[in-house]
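When we follow the numbering used here, the leftmost residue of the sequence shown carries the number 2, and every step to the right adds one.
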Amino acid sequence: MVHAAYVWVDDDRDLDRAAQRLSKASALAVDTEADSFYHYHHKCCLIQISDGETVYLVDPLALRRLEPLGEVLGAQRIVKVLHAAEQDVLYLRRDFGFHLEPLFDTMIGSQLLGKTGIGLASLLFAYFGVKLDKGSQRDDWSRRPLNERQRAYASEDVRHLIRLRDVLKDELTTLGRLAWAEEEFSLVARRAWEPRVFDPDMFWSIKGARDLPPQEAAVLRELYAMRDRRAREADLSPFRIISDEALLALAKKMPAGSSDLNGVRGLTPLVRRRIGSDVLEAVRAGLLVTEADLPAPPRGRPRKKTSAMQNRLERLREWRKTRAAELGLDPGVLFPQSTLEALAAVGPQALERPGEIPGLRAWRLGLIRLDAHRLLG
């Protein structure tokens, strides 16, 4: 369906026509919308593509085949332009087998230019005076039909990306940082999808969990696992089964019967009817955990800092602060803290084994090489 602001693509014939047109472009703006806010088994629900003139909204839920689009997006001569590309790249690879290389990530580009507002809305307003409506950001994109407001929202996310790429690329080239950006882009484009695996110990990430006594923590662990199981079965995001706040309150209260579920903040009558028996079963399981098996808060493994390592780290931090100011970059963009700590731990041999240092890209190595002897000695 052709609309003044976009072309809606939901059948094979329209996709073939769109792919033929898009294959002639040298750059394509790409974005996706997913349903992760609503579903446990989340998926890519909409693919937005623009050649700088026409915006195509491709409905992967309606199409039987997407190979024509995959061929276009996989073409090495076409640069794929995205903003905060990582999640889009992973969705398109996992769900459809698409590979988006080469790509240009306008968020990374703006970070390497020292921009303070790196969100797409901030950048489009700063450069072009364009105001984005973010009202549909958390809609359930798996529901059909999409209304006109949702389609307009999705269209605007790619409409201006190519010209944003153009100005950012010019600025990166002027500052001699385009190679930095291209190295980062390549890493994002090749990122592999890691299957979701439930970790029962992630209950510690719930706010307030680390303050619980051990038995209450055991109850919370059982409640957390129960919620994940119910969410997986219902294909709902876990927080739509029961909130973190309610799980914590239940762990503290440790209800023995259904009447004890009353008055728990966040545990509505509907939630009590749906999962009340599961909640009580989880609480009982947590109370049966023996003292030897009670959970203890995980402790990080802080690297034991020798005096030499500490001295190197202090020199590296001071160097980063100075260089970041000179380059107009956020210090964490210039050199992440984890990279500094790894450099300080390895010492003078670090530059001989750069692949072992997390985050030590070639562009960062080039910046620090001249000062490395003084900093790492």
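By construction, the Cβ of each residue, glycine as well, lies at the ideal position given by its N, Cα and C atoms.
Under the rule that 16 or more other beta-carbon atoms within 10 Å means buried, what is Gln350, buried or exposed? exposed
Start and end of the alpha helix (DSSP H) containing Ile48? Here Ile48 belongs to no alpha helix (DSSP H); instead the beta strand (DSSP E) covers Cys45 to Ser51.
Excluding the 5 residues preceding and the 5 following Tyr225 in the sequence, name in chain order all residues of the same chain whose CB lies nearer than 8 Å to its CB. Pro201, Met203, Phe204, Ile207 and Leu248
Same chain, Cβ closer than 8 Å to Leu335, neighbours up to 5 away in sequence not counted: Arg321, Arg324, Ala325, Leu328, Arg365 and Leu368
Determine which residues share a DSSP beta bridge with Thr33 and list them. Ile48
Tyr290 versus Asp212: straight-line alpha-carbon distance, rounded: Note that residue 290 corresponds to Val in the displayed sequence, not to Tyr. About 18 Å.
Trp9 burial status per 10 Å Cβ neighbour count (16 or more: buried): buried
Please state the DSSP three-state secondary structure of Tyr225. helix
Reference Gln88, options Gln77, Arg370, Asp236 and His100, closest by Cα: His100
The alpha helix (DSSP H) enclosing Val159, as first and last residue numbers: Glu149 to Arg160
Who are the Cβ neighbours of Ile242 in its own chain at under 6 Å, not counting the five residues just before and after it? Arg228, Arg231 and Ala232
For the 8 Å Cβ check, are there 3 or more pairs between the segment 29-38 and the segment 49-62? yes
Quick check on Thr93: does DSSP put it in helix, strand or coil? Before going further, note that residue 93 is Leu rather than Thr in the sequence given. Here Leu93 sits in helix by DSSP.
In angstroms with no decimal places, state the Cα-to-Cα distance between Lys116 and Ala250. 42 Å
Between which two residues does the beta strand (DSSP E) harbouring Lys81 extend? Val80 to Leu83
Whole angstroms are fine: how far does the CA of Gly98 sit from the CA of Trp194? 11 Å
Rank Cys46, Leu295 and Asp17 by C-alpha distance to the C-alpha of Arg139 and give the top, closest one. Cys46
Determine which residues share a DSSP beta bridge with Ala297 and list them. Beta-bridge pairing links Ala297 to no other residue.
DSSP three-state call for Ala28: helix, strand or coil? strand
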